[in-house]
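J.: Chains as they are written, first to last, in my numbering: chain A, 309 to 680; chain B, -6 to 296. The beta carbon of each residue, even a glycine, is placed where N, CA and C say it ideally should be.
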């Protein structure tokens, strides 16, 4: 009987201790809306993997004394309706101070209207549609749009002395915006565009396009397409003997390009945000940790998510443990020079558009090499 | 300026030959059965993947690789006939043989088989483009003055000629060719005089799909692009060429495929290539309006 009472007393004491410990350690909750099932599941999985690494690293680092951060993952199935439901759920959950995701621009923008209305900061790792940031004051992304990348490559090309370009682009929303932004960037720098040629998705024969653009004798050709078409074009230009430099968008960056195009890829110049082979310390750390846990090299998508979570966590740390939605939004907007694995990121205080340092690459001897 | 046009004509002829290679098998099967074989593009894909497996696992020389694609294409054709066409020929009475519904049902069953094949290939090989070892690519440049050609163009031109010649020889000089023509002309009549309709149809599928399979590996190596949905775009163009050529005239389909390719290449001069599919479709519409029998269409005989 006595022993029993002692036991109860001890248990009560233990609960008290635990409660007081929990009070000291506040939990801050972030939401992550991402596709974990459905056709885009492989992307969502990669996001969650990378986010988990970043989160654990942050909680161990002691950057945020008195609180730990937790991420709630919700499966949007890459479906705008699901993402809106998730958005309402996150908005109603008072513990959630900020949301990451979603994956595609369409889904991110559908959910974004809810977040903008309810004043919840939203940071997408990949939504690159120009209008995403225009939904409201609470939208952020850490991926550059073509409005940034095109002029970046144009500046690089003119600094190398190439001013007369032909552009070959895939005929879809993205390809058209890539081509137009590059053309605009080049013209602003006093360059000249001889021709913009669009091709249909699925086209495999670029000989007639290449023959046509080469007729105007441009100094270089800019490619706006995915690596599969890029590999075809590079092979066929070699066969046609068109011996001028080729520049390209970051979408051409894939080890598969080298496999498919072989020798003919040599000399291609392109911009990129992430390269797993980079010698920079934080990239090496991320790549080794990711490989150790998941047995695979992280892709560009993993790196985007890793940095998005990092930016969000740093913003929380800058406010402190009593962060709320509004203060988190302001801290995010003040992000300057976040040292991520996809380069340094700052948000423009006015438009909230990311300003990122893009890296420059050149393919030589069948491998991507960083260019200073 | 002159070399520019010459170069564009050569580019166009090389695209046209790709269409022609596919159109030959397509037209042969249409000629005999009078139905469109929607899975012909997949025979082409199967040939390409069979060749690729041979290259990657066995490292055989190109001639053997093409032979393997031929054999696998032929077998796939026989399998396709068994799966998608034979079940609809179960009833041999006159009414069923003449029934349009029976014929058109095979159109859908071949479409179904084509989707299944595409998905299966995607399941086993992945949706990505396959890597081809560089020494197998038929893309070595050959410079002739100011125009540049490639090894693949010669191989594709050569094999189109061989295929066309061989097929015409089979059709007009051999017994099986005679029965193919007889059945395409009048299946019931051929049946009543004692020809084996089944055997002839199987032979037609084997020959047509063999040609499709060989086309797949050659075009795959020429473009350096082998992937599960590779058959779709060129077989649409081959279909247009077949209609333009009069549906069942094989030389007509080949000539129209070449015309189509050249017009597409020359069209890039005044419109962007993204619109060049319009060339094919406007040809299709113009043909249907002005030449309902096709430009090379015969009135009675269908092969």
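Straight-line CA distance for residue 216 of chain B to residue 146 of chain B?
T.: Locating residue 216 of chain B in the second chain gives position 223, counting from the first residue. Locating residue 146 of chain B in the second chain gives position 153, counting from the first residue. Going from the Cα of residue 216 of chain B to the Cα of residue 146 of chain B covers about 10 Å.
J.: Per DSSP, residue 134 of chain B forms a beta bridge with which residues?
T.: For the purposes of this step, residue 134 of chain B is taken as the residue at position 141 of the second chain. The partner list for residue 134 of chain B (beta bridge, DSSP) reads B:143.
J.: By the 10 Å Cβ neighbour count, where 16 or more other Cβ atoms means buried, how is residue 342 of chain A classified, buried or exposed?
T.: Counted from its first residue, the first chain places residue 342 of chain A at position 34. Buried, since its Cβ has 16 or more Cβ neighbours within 10 Å.
J.: Give the straight-line distance between the Cα atoms of residue 414 of chain A and residue 104 of chain B, rounded to the nearest whole angstrom.
T.: Here residue 414 of chain A corresponds to residue number 106 of the first chain, with the count starting at 1. Here residue 104 of chain B corresponds to residue number 111 of the second chain, with the count starting at 1. When rounded, the distance between both Cα atoms is 32 Å.
J.: Assuming residue 359 of chain A and residue 613 of chain A form a contact by the criterion Cβ under 8 Å, report the distance between their Cβ atoms to the nearest whole angstrom.
T.: Counted from its first residue, the first chain places residue 359 of chain A at position 51. Counted from its first residue, the first chain places residue 613 of chain A at position 305. That pair is a contact at about 5 Å.
J.: For residue 577 of chain A and chain B, any beta-carbon pair shorter than 9 Å?
T.: The count along the first chain starts at 1 and reaches residue 577 of chain A at position 269. It does not: the Cβ of residue 577 of chain A has no partner Cβ on chain B nearer than 9 Å.
J.: Which residues mark the beginning and the end of the beta strand (DSSP E) in which residue 576 of chain A is found?
T.: Position 268 of the first chain, counted from the first residue, corresponds to residue 576 of chain A. First-last for residue 576 of chain A: undefined, no H or E at that position.
J.: Apart from the five residues just before and just after residue 284 of chain A, which ones in its own chain have a Cβ nearer than 7 Å to its Cβ?
T.: Since the first and last residues shown for chain A are 309 and 680, residue 284 of chain A lies out of range.
J.: Mind checking which residues open and close the alpha helix (DSSP H) that includes residue 627 of chain A?
T.: Counted from its first residue, the first chain places residue 627 of chain A at position 319. Per DSSP, residue 627 of chain A belongs to the alpha helix (DSSP H) from 608 to 627.
J.: Can you find a CB in chain B that lies within less than 9 Å of the CB of residue 485 of chain A?
T.: Position 177 of the first chain holds residue 485 of chain A. Not closer than 9 Å to any Cβ of chain B, the Cβ of residue 485 of chain A fails to qualify, so no.
J.: Please classify residue 181 of chain B: is it buried, with 16 or more other beta-carbons within 10 angstroms of its beta-carbon, or exposed?
T.: Residue numbering aside, residue 181 of chain B sits at position 188 when the second chain is read from its first letter. When all chains shown are included, residue 181 of chain B counts as exposed.
J.: Should residue 517 of chain A be labelled buried (16 or more other beta-carbon atoms within 10 Å of its own) or exposed?
T.: Position 209 of the first chain holds residue 517 of chain A. It counts as buried.
J.: Using a C-beta cutoff of 9 Å, does residue 49 of chain B count as contacting chain A?
T.: Mapped onto the second chain, residue 49 of chain B falls at position 56. So, not an interface residue.
J.: Please decide whether residue 112 of chain B counts as near chain D, where near means a Cβ-Cβ distance under 9 Å.
T.: Going by chain labels, chain D is absent from the structure shown, which instead holds the protein chains A and B.
J.: Anything in the stretch 113 to 124 of chain B with a Cβ closer than 9 Å to a Cβ of chain A? List those residues in chain order, please.
T.: Answer set for the stretch 113 to 124 of chain B: 121, 122, 123 and 124.
J.: Thinking just about the alpha-carbon of each residue, which of A:443, A:577 and A:662 is nearest to the one in residue 641 of chain A?
T.: Within the first chain, numbered from 1, the residue matching residue 641 of chain A stands at position 333. If we check each option's Cα against that of residue 641 of chain A, A:662 comes out closest.
J.: Whole angstroms is fine: what's the gap from residue 419 of chain A's alpha carbon to residue 191 of chain B's?
T.: Here the question's residue 419 of chain A lines up with position 111 in the first chain. Here the question's residue 191 of chain B lines up with position 198 in the second chain. Approximately 59 Å between the Cα atoms of the pair.
J.: Ends of the alpha helix (DSSP H) at residue 167 of chain B?
T.: As a first step, residue 167 of chain B is located in the second chain; it is residue number 174 there, counting from the start. Neither: residue 167 of chain B is in no alpha helix (DSSP H) and is coded neither H nor E.
J.: Which of helix, strand or coil does DSSP assign to residue 280 of chain B?
T.: As a first step, residue 280 of chain B must be located in the second chain, where it is residue number 287. Residue 280 of chain B: helix per DSSP, three-state reduction.
J.: Which of the three DSSP states, helix, strand or coil, is assigned to residue 189 of chain B?
T.: For the purposes of this step, residue 189 of chain B is identified with residue 196 of the second chain, where counting begins at 1. Three-state DSSP puts residue 189 of chain B in coil, outside helix and strand.
J.: Am I right that residue 253 of chain B and residue 233 of chain B are in contact with their C-beta atoms under 8 Å? What's the rounded C-beta distance?
T.: One-based indexing of the second chain puts residue 253 of chain B at position 260. One-based indexing of the second chain puts residue 233 of chain B at position 240. Contact flag correct, Cβ pair sits at about 6 Å.
J.: What are the residues of the stretch 265 to 282 of chain B that lie near chain A, defined by any Cβ-Cβ distance shorter than 9 Å?
T.: Under the 9 Å Cβ criterion, the stretch 265 to 282 of chain B contributes 265, 266, 267, 268, 269 and 270.
J.: Report the three-state DSSP secondary structure of residue 74 of chain B (helix, strand or coil).
T.: The count along the second chain starts at 1 and reaches residue 74 of chain B at position 81. Three-state result, residue 74 of chain B: helix.
J.: Quick check on DSSP: helix, strand or coil for residue 402 of chain A?
T.: The residue you call residue 402 of chain A lines up with position 94 of the first chain. Of the three classes helix, strand and coil, the one that applies to residue 402 of chain A here is coil, per DSSP.
J.: So, is the C-beta of residue 232 of chain B closer than 9 Å to a C-beta in chain A?
T.: For the purposes of this step, residue 232 of chain B is taken as the residue at position 239 of the second chain. With 9 Å as the cut-off, residue 232 of chain B does not count as an interface residue toward chain A.
J.: Check whether the stretch 522 to 539 of chain A touches the stretch 559 to 574 of chain A, taking contact to mean three or more Cβ pairs, one atom from each stretch, closer than 8 Å.
T.: Contact between the stretch 522 to 539 of chain A and the stretch 559 to 574 of chain A is present, because at least three Cβ pairs lie under 8 Å.
J.: Let me make sure I understand the geometry here. Which of A:514, A:620 and A:528 has the alpha-carbon closest to that of residue 257 of chain B?
T.: As a working mapping, residue 257 of chain B is identified with position 264 in the second chain. Checking every option, the nearest Cα to that of residue 257 of chain B belongs to A:514.
J.: Strictly under 9 Å for the Cβ-Cβ distance: is residue 517 of chain A near chain B by that measure?
T.: Here residue 517 of chain A is taken as the residue at index 209 of the first chain, counted from 1. Chain B contact via Cβ: present.
J.: Along the chain, where does the beta strand (DSSP E) that runs through residue 42 of chain B open and close?
T.: Start at 1 with the first residue of the second chain, and residue 42 of chain B comes out as number 49. From DSSP, residue 42 of chain B is part of no beta strand (DSSP E) but of the alpha helix (DSSP H) over 33 to 46.
J.: Cβ of residue 676 of chain A within 9 Å of Cβ of residue 540 of chain A?
T.: Here the question's residue 676 of chain A lines up with position 368 in the first chain. Here the question's residue 540 of chain A lines up with position 232 in the first chain. It is not a contact, given that the beta carbons lie outside the stated cut-off.
J.: Over the uninterrupted beta strand (DSSP E) stretch that includes residue 652 of chain A, give me the two end residues.
T.: To locate residue 652 of chain A, count along the first chain from 1; it is residue 344. 651 to 655 is the extent of the beta strand (DSSP E) around residue 652 of chain A.
J.: What is the DSSP secondary structure of residue 526 of chain A, counted as helix, strand or coil?
T.: The residue labelled residue 526 of chain A in the question sits at position 218 within the first chain. Note: residue 526 of chain A maps to coil in three-state DSSP.
J.: For residue 205 of chain B, which residues in chain A fall below 7 Å Cβ to Cβ?
T.: Along the second chain, read from residue 1 onward, the residue named residue 205 of chain B stands at position 212. Correct list: empty, because the minimum Cβ distance to chain A is about 17 Å.
J.: According to DSSP, which residues form a beta bridge with residue 501 of chain A?
T.: Along the first chain, read from residue 1 onward, the residue named residue 501 of chain A stands at position 193. Paired residue(s): A:473.
J.: So, for residue 656 of chain A: in the same chain, excluding its five sequence neighbours on each side, which residues have a beta-carbon less than 7 Å away from its beta-carbon?
T.: Your numbering for residue 656 of chain A matches position 348 in the first chain. Cβ within range, chain order: 663.
J.: So if DSSP puts residue 231 of chain B in a beta bridge, which residue, or which two residues, is it bridged to?
T.: On the second chain, residue 231 of chain B is found 238 positions in, with the first residue counted as 1. Bridge partners of residue 231 of chain B: none, in fact.
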